[in-house]
Amino acid sequence: MGARSKARKRAVDVLYEAEAREVDPVTLISERVGSTEVAPVNDYTITLVEGVRDNRARIDQLISEHAEGWNLGRMPAVDRAILRIGLYELLWSADVPDAVAIDEAIELAKTLSTDDSPRFVNGVLGRIAGIATHLRASLNG
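Sequential numbering from 171 applies to the sequence shown in this note's numbering.
Here you go:
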């Protein structure tokens, strides 16, 4: 597993834990940076967690709009975290190709979630990828 893939998994873990504990994910990760009790935190993990937190309202709105037949509250918490990271990379990470953002999210779903989750994650992110150029323009304009 590459460094960025590991960073993504760690970001999912942090977002999942922060939601379960009802704490700010950036605060949670900042407590771990420099701690000798946990593995070092990759810079890309920090970038992902901060990016998701800073854009969460828009990210959640887009997921809700494109998750056919599902609302955020009904989704498994790990799927929410995976989708949030995938969508952040899709729309805000210019150095991550769309296909890589989607593939990485699918792999996380295969490893961390239910048997149906990879197909679900692929469907949601695929629908959003179809309009990603338009969305990026509106986010930056």
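A virtual CB, placed ideally from N, CA and C, is assigned to each residue, including glycine. Note that the coordinates shown come from a computational prediction; the quantities given were computed from them, not determined experimentally.
Three-state secondary structure assigned by DSSP to residue i
i: Trp-240; result: coil
i: Gly-293; result: helix
i: Thr-217; result: helix
i: Gly-256; result: helix
i: Pro-288; result: helix
Whole-angstrom C-beta distance between residue j and residue i, which should lie under 8 Å
i: Asp-268; j: Ala-237; result: With 8 Å as the limit, Asp-268 and Ala-237 do not qualify as a contact, their Cβ atoms being about 18 Å apart.
i: Tyr-258; j: Asn-212; result: Going by Cβ atoms, the distance from Tyr-258 to Asn-212 rounds to 15 Å, so no, they are not a contact pair.
i: Lys-176; j: Leu-278; result: Contact flag wrong, Cβ pair sits at about 11 Å.
i: Asp-194; j: Arg-223; result: 7 Å
Distance between residue j and residue i (C-alpha atoms, nearest Å)
i: Val-196; j: Arg-289; result: 29 Å
i: Ser-287; j: Leu-253; result: 10 Å
i: Arg-250; j: Trp-262; result: 17 Å
i: Gly-239; j: Ile-255; result: 21 Å
i: Gly-296; j: Leu-218; result: 20 Å
i: Ile-272; j: Ala-209; result: 26 Å
i: Val-248; j: Glu-187; result: 9 Å
Cβ-based burial, residue i [other Cβ within 10 Å; buried from 16]
i: Met-161; result: Because residue 161 is not part of the residues shown, which for the chain are 171 to 311, the question remains open.
i: Thr-215; result: buried
i: Gly-221; result: buried
For residue i, the nearest candidate out of the options (CA to CA)
i: Glu-201; options: Asp-265, Leu-242 and Val-184; result: Val-184
i: Ala-275; options: Gly-293, Ala-264 and Asp-265; result: Gly-293
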